[in-house]
Amino acid sequence: MTSHLKPYFDKYPQHAPVLNQVYLDLVYVKEWVEVIIKDIESLRKCIILARSKPEQTQFQVVVPCSLLEKWSIRSLLQVMDVIPSHLSAQRITLAITSTDSTIVYYKIAHGLAAPNLADHGQKNLTSPPTVIEDKTDTKS
1 MTSHLKPYFD KYPQHAPVLN QVYLDLVYVK EWVEVIIKDI ESLRKCIILA
51 RSKPEQTQFQ VVVPCSLLEK WSIRSLLQVM DVIPSHLSAQ RITLAITSTD
101 STIVYYKIAH GLAAPNLADH GQKNLTSPPT VIEDKTDTKS
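No gaps in the numbering here: position 71 of the sequence shown is 71 in UniProt numbering, and each next residue is one more.
Here is the structure:
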């Protein structure tokens with residue numbers, strides 16, 4: 001099923017379970033249309049370049065990692081720095097795996113970024129909420 005990933009598993013055996021779990025989730029559960037493994041030797045691991053829809057022109061950069069891995073601002077910036085510039089590494093997605101097969105995806109942006117409310121099915125509020133005054137008589 002994932003025999004084409006074997007060279008990556010052999011090169012980074014400690015990273016193999018995490019890479020395999022995220023790859024299978026993107027391909028078979030989320031049914032993303034294009035999922036490519038990219039070896040990043042300076043990180044001693046692979047990242048995943050993926051598109052969730054055919055009309056999407058930009059690849060998302062997914063970094064598989066274990067729940068036990070420690071991350072800092074510096075290590076996140078190092079990941080963004082080593083990703084090829086044509087991939088627009090201003091934003092990455094950490095795919096954090098757990099031993100119970102849970103995967104949590106966290107979008108991490110370089111600098112400050114406004115949330116994309118459409119990703120969560122929410123409306124973007126462009127005006128402040130309406131305040132309704134309480135006009136009940138309190139003199140009684």
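A virtual CB, placed ideally from N, CA and C, is assigned to each residue, including glycine.
For residue 92, the closest alpha carbon among the candidates 81, 16, 4, 100 is that of 81. Considering only 20, 63, 77, 74, the residue with the shortest C-alpha distance to residue 101 is 20. Distance from residue 50 to residue 35 at the Cβ level is roughly 5 Å; contact confirmed, criterion being Cβ atoms closer than 8 Å. Scanning the UniProt domain "tRNA-splicing endonuclease subunit Sen15" (21 to 116) for uninterrupted alpha helix (DSSP H) segments of 4 residues or longer gives 73 to 82, listed from N- to C-terminal end. Rounded to the nearest whole angstrom, the C-alpha separation of residue 72 and residue 78 is 10 Å.
Pairing residue 64 with residue 97 gives a Cβ-Cβ distance under 9 Å. The three-state secondary structure of residue 4, taken from DSSP, is helix.
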